[in-house]
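Residues in the sequence shown are numbered consecutively from 1, following the UniProt record's numbering.
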Amino acid sequence: MASQEQSIDRLLELTKKDQLDENTSLEPLKTSLTYFVQLKTVHFANEPVINCTTRLCEFTRCTLASVDALATDSTALCILTGQPLEPLEAAASEASVSAGGPMGLSSTPAAEPAEKPKTDSKLTGLIGLLAEVVRFSTSMRITARRIRRRLPADSTSQPLSFSTEVAGILEKALESLNAVVGALRDATRLTAQLAARQAEDNIDVKPSVVMSNCLVESCKENLTSDVSGKAGATVPDVVFRNYLTQIRELVSKIAVAMENGEYDFDGTKQTKPQEPVQLRATAYKQAQADLEGCRTKMELKDEEVRELQMALKARANELSEMSVRVGLAEKRLENAGKGNEDKISRLEQRLEQLDAQQKRMEREHEQAIDSLHAEMEELEREKLDLKEKLKTLSKKALLEGLIKAPIVAATTPARQSSIVPTKDSLTDVAPTTPGGTRLTSRDAAFLTCEYGEATSSRQLPSAPSQLARQAEYVIKLKNDLEQIQRNALEAVKRDHPEAFVRTDFANFPLSSIKKVLVAATPAQKDQLVARILFPGAQIKTSSTSTPIALTPSQLQNVHMHVLVSS
Numbered sequence: 001m002a003s004q005e006q007s008i009d010r011l012l013e014l015t016k017k018d019q020l021d022e023n024t025s026l027e028p029l030k031t032s033l034t035y036f037v038q039l040k041t042v043h044f045a046n047e048p049v050i051n052c053t054t055r056l057c058e059f060t061r062c063t064l065a066s067v068d069a070l071a072t073d074s075t076a077l078c079i080l081t082g083q084p085l086e087p088l089e090a091a092a093s094e095a096s097v098s099a100g101g102p103m104g105l106s107s108t109p110a111a112e113p114a115e116k117p118k119t120d121s122k123l124t125g126l127i128g129l130l131a132e133v134v135r136f137s138t139s140m141r142i143t144a145r146r147i148r149r150r151l152p153a154d155s156t157s158q159p160l161s162f163s164t165e166v167a168g169i170l171e172k173a174l175e176s177l178n179a180v181v182g183a184l185r186d187a188t189r190l191t192a193q194l195a196a197r198q199a200e201d202n203i204d205v206k207p208s209v210v211m212s213n214c215l216v217e218s219c220k221e222n223l224t225s226d227v228s229g230k231a232g233a234t235v236p237d238v239v240f241r242n243y244l245t246q247i248r249e250l251v252s253k254i255a256v257a258m259e260n261g262e263y264d265f266d267g268t269k270q271t272k273p274q275e276p277v278q279l280r281a282t283a284y285k286q287a288q289a290d291l292e293g294c295r296t297k298m299e300l301k302d303e304e305v306r307e308l309q310m311a312l313k314a315r316a317n318e319l320s321e322m323s324v325r326v327g328l329a330e331k332r333l334e335n336a337g338k339g340n341e342d343k344i345s346r347l348e349q350r351l352e353q354l355d356a357q358q359k360r361m362e363r364e365h366e367q368a369i370d371s372l373h374a375e376m377e378e379l380e381r382e383k384l385d386l387k388e389k390l391k392t393l394s395k396k397a398l399l400e401g402l403i404k405a406p407i408v409a410a411t412t413p414a415r416q417s418s419i420v421p422t423k424d425s426l427t428d429v430a431p432t433t434p435g436g437t438r439l440t441s442r443d444a445a446f447l448t449c450e451y452g453e454a455t456s457s458r459q460l461p462s463a464p465s466q467l468a469r470q471a472e473y474v475i476k477l478k479n480d481l482e483q484i485q486r487n488a489l490e491a492v493k494r495d496h497p498e499a500f501v502r503t504d505f506a507n508f509p510l511s512s513i514k515k516v517l518v519a520a521t522p523a524q525k526d527q528l529v530a531r532i533l534f535p536g537a538q539i540k541t542s543s544t545s546t547p548i549a550l551t552p553s554q555l556q557n558v559h560m561h562v563l564v565s566s
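Here's what the structure looks like:
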């Protein structure tokens, strides 16, 4: 669009400098007009409201400018070809009289009317065509002025209204008028060029040459491409007259409708279309408002972005700190893992040692249990043998044997010692508790012998005397038993001073008894039922006690091999 405006600005500059002539090219102007027409058909094709008053006013202006151009070009052709101007003036006067307007070739409305000259109605050739053009120009000028006088002074209060069909008629009339003006202008330009060439040779321009060359070529370019006609007919003359007649009919139809008031205001107010400039201004204001809103949103978004960047920076610092901590933790974990591996290896070795020790102690315990079971079986057999022997003895003989039997505290203990085998195949004699009821085979034989001699030598005393003697004998036996226990304790202390320690429960005078027990760590659910002190150098130097877990059966077996302290 800027290039089209530049071409128009160029023509305006030439007009201001009075440099417009027939050699000025109007092709840029035609191109601009074509461009704007196409632009209008594209962007304003669906425009609902038509400003009829403005359109009709512009139509009259274009019509007046066109008829002035036709009159000027006709006069120029007449002068270039050397034809007289009287026929043109006569045609103008005739058209003015018939239309009721002023006479003359000029467009001045104040021209005085003159007497109607006598014109020759048989004018032919170029002069006849030019006279017809002048007559058409004069009549169209008068008609256009008549239409302009009918236009309302205030187009807003009383606007004209007509249909799109009338608007089409106006556009068609202007297109035809523009074509005629262009054709006559091109013919004038070509005639001027021809006259300039022939003036050098002092040759006048002939009207027939203008008709056959200039007008035919201009008609081909502007009016129609088919210029062939009947024989003897002047083809440009016919084409021009047809166009002029068509334009006259269209403009006369519009003028008659205006005079009849067909386009007058009917009271229906039409909505005034908003100017494109105003629409553009409104759109620009709206765009500016939207831009301000967007700018505000952008500022808010920028603030949010800054806050997010600060938060991101803080989070990055936290992540870097956490990464450092993670690295330190990994190093500590690695070091701890190495230490744990060492601990695990040591614990595994310790576990293997404990497993081996436990297996060894289990074997020793099984051997001790087997030896104890063997001893118990032997004792059970002796017990059964003694019971069989005692069954053969009578009560009386037994009592006599007990009465007559001497008590030897130092040589005859009441209970034999038991032999406990150990892992080293060593046997230790453990003195048992004095005062037991078990008798050996030697004592039983001695008592039997004593009982037989007593029964054979003398008679049995009475029952009360026997009971008294038995009670006295039992008391004596008790005293002897206590004395034997004291003597045995002193003998043990004298012979084995390190094997006896007075305890709350018992002592272990023999080292073989230790092998019966199994060392273990007591659990939380175990209970302390006895306190046992082991003899030896470790017990003397150590101030701590070693806990040993025993089952009830093991505790009973231990109790059988301890010497109860008095």
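Just so it is clear, CB atoms sit at the ideal spot from N, CA and C, and this is done for glycine as well.
Being a predicted model, the structure only gives us computed values, none of them experimental.
Worksheet item: How close, in whole Å, do the beta carbons of residue 41 and residue 148 come, if the pair is a contact with beta carbons under 8 angstroms?
Response: About 27 angstroms; that fails the 8 angstroms criterion.
Practice prompt. Give every residue of the same chain whose Cβ lies closer than 7 angstroms to the Cβ of residue 176, excluding the five residues on either side of it in the sequence, and list them in chain order.
Written response: Once the five neighbours on either side are set aside, the close Cβ partners of residue 176 are 243, 246 and 247.
Item to complete: Let me know the secondary structure DSSP gives residue 1 once reduced to three states.
Response: In the structure shown, residue 1 sits in coil (DSSP, three-state: anything other than H, G, I, E or B).
Worksheet item: So residue 151 packs on residue 56, CB below 8 angstroms; how close in whole Å?
Response: Rounded, the Cβ-Cβ distance is 6 angstroms, consistent with contact.
Worksheet entry | Distance between residue 350 and residue 481 (C-alpha atoms, nearest Å) | So the alpha carbons of these two residues sit roughly 52 angstroms apart.
Worksheet item: Looking at the unbroken alpha helix (DSSP H) that takes in residue 146, where does it start and where does it end?
Response: Looking at the DSSP string, the run of the alpha helix (DSSP H) that includes residue 146 is 125-149.
Worksheet item: In this structure, does DSSP put residue 85 in helix, strand or coil?
Response: Three-state DSSP puts residue 85 in coil, outside helix and strand.
Worksheet item: Quick one: is residue 468 buried, meaning 16 or more other Cβ sit within 10 Å of its Cβ, or exposed?
Response: Exposed.
Worksheet item: Where does residue 183 land, buried or exposed, given buried means 16+ other C-beta within 10 angstroms?
Response: Buried.
Item to complete: Look at the alpha carbon of residue 134 and the alpha carbon of residue 279, and state the distance between them as a whole number of angstroms.
Response: If you draw a straight line from the Cα of residue 134 to the Cα of residue 279, it is about 45 angstroms long.
Fill in: residue 8 and residue 29 closer than 8 angstroms at C-beta
Remark: C-beta atoms of residue 8 and residue 29 approach each other more closely than 8 angstroms.
Fill in: Of the residues 79, 373, 356 and 485, the one placed nearest residue 553, counting alpha carbons only
Taking only the C-alpha atoms, the option nearest residue 553 is 373.
Discussion item. Going by DSSP in three states, residue 202 sits in which element: helix, strand or coil?
Written reply: DSSP, read as helix, strand or coil, puts residue 202 in coil.
Practice prompt. Give a yes or no on contact between the region 76-92 and the region 123-132, applying the rule of three or more CB pairs nearer than 8 angstroms.
Written response: Three or more beta-carbon pairs drawn from the region 76-92 and the region 123-132 are found closer than 8 angstroms, and the two stretches are therefore classed as touching.
Practice prompt. Mark residue 355 as exposed unless 16 or more other C-beta atoms lie within 10 angstroms of its C-beta, in which case mark it buried.
Written response: When all chains shown are included, residue 355 counts as exposed.
Worksheet item: Do the region 186-202 and the region 75-83 meet, that is, are 3 or more Cβ pairs less than 8 angstroms apart?
Response: Yes, the region 186-202 is in contact with the region 75-83.
Worksheet entry | residue 19, DSSP secondary structure in three states | Of the three classes helix, strand and coil, the one that applies to residue 19 here is coil, per DSSP.
Discussion item. In this structure, how does DSSP classify residue 260 when only helix, strand and coil are distinguished?
Written reply: Coil at residue 260, not helix or strand.
Worksheet item: Are residue 139 and residue 195 close, meaning C-beta to C-beta below 8 angstroms?
Response: With contacts defined by Cβ atoms closer than 8 angstroms, residue 139 and residue 195 do not form a contacting pair.
Worksheet item: Can you tell me the Cα-Cα spacing of residue 319 and residue 287, whole angstroms?
Response: Looking at the two C-alpha atoms, the distance is approximately 45 angstroms.
Worksheet item: Which of the three DSSP states, helix, strand or coil, is assigned to residue 275?
Response: Taken through DSSP and simplified to helix, strand or coil, residue 275 comes out as coil.
Practice prompt. Please report how far the alpha carbon of residue 241 lies from the alpha carbon of residue 204, in whole angstroms.
Written response: Straight-line spacing of the CA atoms in residue 241 and residue 204 works out to 27 angstroms.
Fill in: Spatial neighbours of residue 13 in its chain, beta-carbon cut-off 6 angstroms, leaving aside the 5 residues before and after
There are no such residues.
Fill in: residue 231, buried or exposed, once every other Cβ within 10 Å from all chains shown has been counted against 16
With a pLDDT of only 40 at residue 231, under the threshold of 50, the placement of this residue in the model should not be trusted; the figure read from the coordinates follows. Residue 231 is exposed by the Cβ-count criterion.
Worksheet item: How big is the Cα-Cα spacing for residue 5 and residue 171?
Response: When rounded, the distance between both Cα atoms is 23 angstroms.
Worksheet item: Are there 16 or more other CB atoms within 10 angstroms of the CB of residue 211, so buried, or fewer, so exposed?
Response: Only buried fits residue 211, as 16 or more other CB atoms lie within 10 angstroms of its CB.
Practice prompt. For residue 70, count neighbouring C-beta atoms within 10 Å of its own C-beta (all shown protein chains included) and say buried if the count is 16 or more, exposed if not.
Written response: Buried.
Worksheet entry | Close beta carbons around residue 32, own chain, < 7 angstroms, minus the five adjacent residues each side | Annotation for residue 32: 4, 7 and 8 place their beta carbon closer than 7 angstroms to its own, counting only its chain and skipping 5 residues before and after.
Practice prompt. Please name the residue in 200, 201, 348 and 237 whose C-alpha comes closest to that of residue 218.
Written response: Looking at the Cα atoms, 237 is the closest of the given residues.
Worksheet item: In three-state terms, what does DSSP make of residue 154?
Response: Reduced to three states, the DSSP call for residue 154 is coil.
Worksheet entry | First through last residue of the alpha helix (DSSP H) which encompasses residue 42 | From DSSP, the alpha helix (DSSP H) with residue 42 extends over 27-43.
Worksheet item: Going straight from the alpha carbon of residue 338 to that of residue 344, what length do you get?
Response: Spanning the alpha carbons of residue 338 and residue 344 requires a straight line of approximately 10 angstroms.
Worksheet item: Buried or exposed: residue 311, going by 16 or more other Cβ atoms within 10 Å of its Cβ?
Response: A residue is called buried once 16 or more other Cβ atoms fall within 10 Å of its Cβ, and residue 311, having fewer, is exposed.
Practice prompt. Take residue 293 and list the residues in its own chain whose beta-carbon comes closer than 6 angstroms to its own, dropping the five residues that flank it on each side.
Written response: There are no such residues.
Fill in: Test item: CB-CB of residue 62 and residue 160 under 8 angstroms
No. Outside cutoff.
Fill in: Spatial distance of residue 10 from residue 24 (CA atoms)
The straight-line gap from Cα to Cα measures roughly 11 angstroms.
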